[in-house]
Amino acid sequence: MILMKVVRAEEMRAIDNRAINEYGIPGVVLMENAGIRTVEIIEEILTGLSNQQVVILAGRGNNGGDGFVVARHLMNAGIPVSVFLLGEPEQLTPDAKVNYQILERMRAPLYPLQTEEDLDRLTLALLKAGLIVDAIYGIGFKGSLNEFETQVVKMVNWSRLPVVAVDIASGIEADSGRVHGIAVQASHTVTFGLPKLGQLLEPGRSYTGTLTVADISLPRDLLTASELKTNLITDELVQPFLAPRPAESHKGTYGHALIIGGSIGMTGAVIMAAYAALRVGAGLVTAALPESLQGGVENEIVEVMTVPLAETAQGTIAREALPAIENLLGTTSVCAIGPGMSRYQEAPAVLYQVLHSSGIPVVIDADGLNALSQDISMLNNRQIPVVLTPHPGEMARLTGLSVEEIQADRLEIARSFAQKWGVTLVLKGNGTVVAYPSGEAFLNLSGNPGMATAGSGDVLCGMIAGLIAQGLRPQDAAMAAVYLHGLAGDHAAQVKGQRGLIAGDLIQALPEVLRNYESAAG
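In case it helps, the numbering used here puts the sequence shown at residues 120 to 641.
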């Protein structure tokens with residue numbers, strides 16, 4: 120399995136320190152490589168902008184040192200530069216000072232940037248510039264920029280010039296993506312070794328621009344270490360789960376997904392989940408729902424089998440349906456429960472039956488999650504793998520935390536919950552997190568705001584069930600489904616735009632998305 124790790128600042132610093140202290144790679148060599156990789160991106164951007172000046176804003180730390188390396192290599196390439204240092208040369212870190220002194224000997228245009236008069240010189244430089252390099256703060260930054268730094272960053276952002284950020288855009292917190300006040304609005308960011316979590320989470324992601332992860336000669340063993348538990352979901356990661364189908368396949372080869380849910384006014388949720396399970400490749404799909412609603416589902420999707428369940432006076436699944444549900448669990452490969460099921464008194468009993476009478480994986484979504492939140496202890500003493508798919512509001516009910524608390528630390532809350540309860544957790548939203556019971560977590564970047572529409576979660580639920588039916592481990596099915604779900608949304612948005620996107624468009628886009636993987640495998 121090919122993994123792209125994602126790190127917090129402390130994890131990246133530990134990797135750098137090990138490279139220096141254990142492998143003997145001098146820090147100044149890493150700085151040199153970082154500068155060279157950044158220059159390569161700058162030279163691509165500057166094509167057609169010859170003779171335009173590059174303004175380099177450097178801080179006092181090693182990030183500033185990277186900026187000094189950039190300045191040297193640009194000068195050697197004949198590109199005019201102006202270097203502005205926010206601080207005194209005596210405040211520079213040792214490796215940064217080495218590169219600053221080289222620039223002094225090269226008689227590079229080095230200017231202080233500490234007073235209002237210095238801002239006037241920066242204004243004139245920006246008027247002549249074609250590009251800005253942000254090397255003010257690195258991944259150690261936390262909090263907010265001071266008043267003077269804020270003025271500098273405002274000038275950068277107001278200039279409308281392309282900005283290349285070195286490692287991370289100044290003002291973004293590397294661990295969380297938080298921006299307190301203002302940050303550099305980069306058009307490109309060249310980060311080193313591995314992507315930083317704050318570059319992939321909002322609002323940091325919106326300040327990062329196009330992200331390039333550059334190799335600066337850090338040993339591969341350090342970048343793929345098992346103690347790094349956060350990963351980015353990529354094409355390379357998902358491709359092995361979508362291998363070509365054998366010639367002698369039949370419908371039984373690809374499993375039988377059971378979707379339990381539905382209530383008066385909410386049959387659409389079951390229909391979309393069932394249809395998505397089919398479209399992602401399940402061999403058979405059965406929808407089990409209140410008996411009065413069976414006919415409508417049969418008429419909507421002829422490829423889905425239906426089973427009527429005893430219902431309450433309100434048109435929800437009744438306790439009397441439990442024997443029929445138990446029988447269904449014995450003849451299917453996976454069960455998804457919750458889409459359109461409604462919140463009602465008997466829902467927890469139905470969910471408990473599924474969790475403790477089933478010998479197959481269970482995906483709990485929507486009102487199944489609401490039933491679970493009434494007695495989360497029903498996750499104890501079960502013998503089956505479980506996937507939970509909450510949005511932040513449902514996650515708040517499951518944990519007792521506020522939505523704001525959930526959103527402030529999505530990754531670690533999802534990871535902790537998955538480990539505590541031994542489940543695979545899909546915390547939906549911008550940057551959906553998939554957390555495994557082992558503590559491994561995956562961050563998804565596919566998808567777009569057009570997917571914030573009714574039924575999108577039902578589609579994802581059905582996709583996860585459909586992939587489990589085909590034999591994927593539940594956690595791998597969750598991870599792959601989240602990524603494919605986002606790709607389907609991106610494909611649909613290219614055709615129909617984001618504003619008019621509906622959940623059915625995601626289902627219709629799935630065959631094309633999957634076909635691309637089949638072509639790549641072939």
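From the three backbone atoms N, C-alpha and C, an ideal C-beta is built for every residue, glycine too.
Mind checking which residues open and close the beta strand (DSSP E) that includes residue i?
{"i": "residue 500", "result": "No beta strand (DSSP E) contains residue 500, which DSSP labels as neither H nor E."}
{"i": "residue 593", "result": "Element bounds for residue 593: not the beta strand (DSSP E) but the alpha helix (DSSP H), 593-615."}
{"i": "residue 253", "result": "248-254"}
{"i": "residue 481", "result": "481-483"}
{"i": "residue 549", "result": "Taken as a continuous stretch (DSSP letters only), residue 549 belongs to no beta strand (DSSP E), as it is neither H nor E."}
{"i": "residue 570", "result": "Here residue 570 belongs to no beta strand (DSSP E), and DSSP marks it neither H nor E."}
{"i": "residue 469", "result": "Premise fails: residue 469 lies in the alpha helix (DSSP H), 466-476, not in any beta strand (DSSP E)."}
{"i": "residue 406", "result": "403-409"}
{"i": "residue 453", "result": "453-456"}
Could you give the residue range of the alpha helix (DSSP H) that holds residue i?
{"i": "residue 442", "result": "441-448"}
{"i": "residue 586", "result": "575-588"}
{"i": "residue 282", "result": "Here residue 282 belongs to no alpha helix (DSSP H); instead the beta strand (DSSP E) covers 282-285."}
{"i": "residue 538", "result": "529-540"}
{"i": "residue 125", "result": "It is not in any alpha helix (DSSP H) - residue 125 carries neither H nor E in the DSSP assignment."}
{"i": "residue 564", "result": "Residue 564 -> no alpha helix (DSSP H), and no H or E assigned at all."}
{"i": "residue 413", "result": "413-419"}
{"i": "residue 269", "result": "266-278"}
{"i": "residue 491", "result": "486-493"}
{"i": "residue 309", "result": "Here residue 309 belongs to no alpha helix (DSSP H); instead the beta strand (DSSP E) covers 307-311."}
{"i": "residue 507", "result": "Careful: residue 507 lies outside any alpha helix (DSSP H), inside the beta strand (DSSP E) at 505-507."}
{"i": "residue 397", "result": "386-398"}
Could you tell me whether the Cβ atoms of residue i and residue j are closer together than 8 Å?
{"i": "residue 342", "j": "residue 134", "result": "yes"}
{"i": "residue 625", "j": "residue 578", "result": "yes"}
{"i": "residue 337", "j": "residue 125", "result": "no"}
{"i": "residue 612", "j": "residue 574", "result": "no"}
{"i": "residue 350", "j": "residue 561", "result": "yes"}
{"i": "residue 272", "j": "residue 302", "result": "yes"}
{"i": "residue 458", "j": "residue 593", "result": "no"}
{"i": "residue 131", "j": "residue 315", "result": "yes"}
{"i": "residue 311", "j": "residue 288", "result": "no"}
{"i": "residue 298", "j": "residue 585", "result": "no"}
{"i": "residue 533", "j": "residue 522", "result": "no"}
{"i": "residue 262", "j": "residue 296", "result": "no"}
{"i": "residue 214", "j": "residue 309", "result": "no"}
{"i": "residue 396", "j": "residue 582", "result": "yes"}
{"i": "residue 660", "j": "residue 305", "result": "Any answer about residue 660 is impossible in this case: the structure gives the chain only from 120 up to 641."}
{"i": "residue 138", "j": "residue 144", "result": "yes"}
Going by C-alpha to C-alpha distance, which of the options sits closest to residue i?
{"i": "residue 239", "options": "203, 219, 226 and 123", "result": "203"}
{"i": "residue 589", "options": "331, 296 and 479", "result": "479"}
{"i": "residue 539", "options": "558, 530 and 145", "result": "558"}
{"i": "residue 212", "options": "415, 273 and 180", "result": "180"}
{"i": "residue 128", "options": "294, 270 and 344", "result": "294"}
{"i": "residue 370", "options": "275, 598, 234 and 422", "result": "422"}
{"i": "residue 199", "options": "412, 206, 205 and 190", "result": "190"}
{"i": "residue 329", "options": "282, 347, 231 and 178", "result": "282"}
{"i": "residue 248", "options": "237, 233, 275 and 263", "result": "275"}
{"i": "residue 572", "options": "534, 510 and 632", "result": "510"}
{"i": "residue 267", "options": "292, 232 and 454", "result": "232"}
{"i": "residue 244", "options": "201, 472 and 461", "result": "201"}
{"i": "residue 216", "options": "628, 465 and 184", "result": "184"}
{"i": "residue 487", "options": "321, 456, 340 and 473", "result": "456"}
{"i": "residue 307", "options": "132, 252 and 633", "result": "252"}
{"i": "residue 517", "options": "501, 537 and 500", "result": "537"}
{"i": "residue 372", "options": "414, 581, 451 and 419", "result": "451"}
{"i": "residue 542", "options": "474, 385 and 152", "result": "474"}
{"i": "residue 465", "options": "476, 484, 446 and 438", "result": "438"}
{"i": "residue 265", "options": "206, 142, 277 and 152", "result": "206"}
{"i": "residue 484", "options": "462, 637, 499 and 500", "result": "462"}
{"i": "residue 149", "options": "286, 241, 220 and 278", "result": "286"}
{"i": "residue 453", "options": "401, 420, 472 and 229", "result": "401"}
{"i": "residue 554", "options": "507, 162 and 236", "result": "507"}
{"i": "residue 481", "options": "420, 384, 596 and 519", "result": "596"}
Does any residue of chain B have a CB that is nearer than 8 Å to the CB of residue i?
{"i": "residue 184", "result": "In summary, chain B is missing from the structure at hand, where a single protein chain is found."}
Problem - Stretch pair the stretch 152-162 + the stretch 257-265: three plus CB contacts closer than 8 Å - result: Proximity of the stretch 152-162 to the stretch 257-265 falls short of the contact definition, fewer than three beta-carbon pairs being nearer than 8 Å.
Handout entry: Segment contact, 8 Å Cβ cut-off, at least three pairs: the stretch 611-618 with the stretch 381-401
Key = Result no; under three Cβ-Cβ pairs closer than 8 Å.
Exercise for the section: Report yes or no: do the stretch 593-607 and the stretch 563-576 share at least 3 C-beta pairs separated by less than 8 Å? Expected result: Output reads yes: the stretch 563-576 touches the stretch 593-607.
Practice task
Could you tell me whether the stretch 430-449 touches the stretch 541-552, where touching means 3 or more Cβ pairs closer than 8 Å?
Solution key: In short, these stretches do not touch, since the Cβ pair count stays below three.
Exercise for the section: Assess, as a yes-or-no matter, whether the stretch 490-507 is touched by the stretch 522-529 under the definition of 3 or more beta carbon pairs within less than 8 Å. Expected result: When Cβ pairs closer than 8 Å are counted between the two stretches, the stretch 522-529 is seen not to touch the stretch 490-507, the count staying below three.
Handout entry: the stretch 193-202 contacting the stretch 215-234, beta-carbon criterion three pairs below 8 Å
Key = Between the stretch 193-202 and the stretch 215-234, the count of Cβ pairs shorter than 8 Å is three or higher; the stretches touch.
Handout entry: Three CB pairs or more closer than 8 Å across the stretch 354-368 and the stretch 415-432
Key = When C-beta atoms of the stretch 354-368 are compared with those of the stretch 415-432, fewer than three pairs fall below 8 Å, so the two segments do not count as touching.
Handout entry: alpha helix (DSSP H) segments (min. 4 residues) lying fully within the stretch 187-256
Key = 213-224 and 235-247, all fully within the stretch 187-256.
Exercise for the section: Mind the definition here: the stretch 377-386 touches the stretch 398-409 only if three or more C-beta pairs lie below 8 Å; say whether that holds. Expected result: A contact exists between the stretch 377-386 and the stretch 398-409.
Problem - In chain order, each alpha helix (DSSP H) run of at least 4 residues that lies wholly inside the stretch 333-363 - result: Taking only runs of at least 4 residues, the alpha helix (DSSP H) segments lying wholly in the stretch 333-363 are 339-342 and 354-357.
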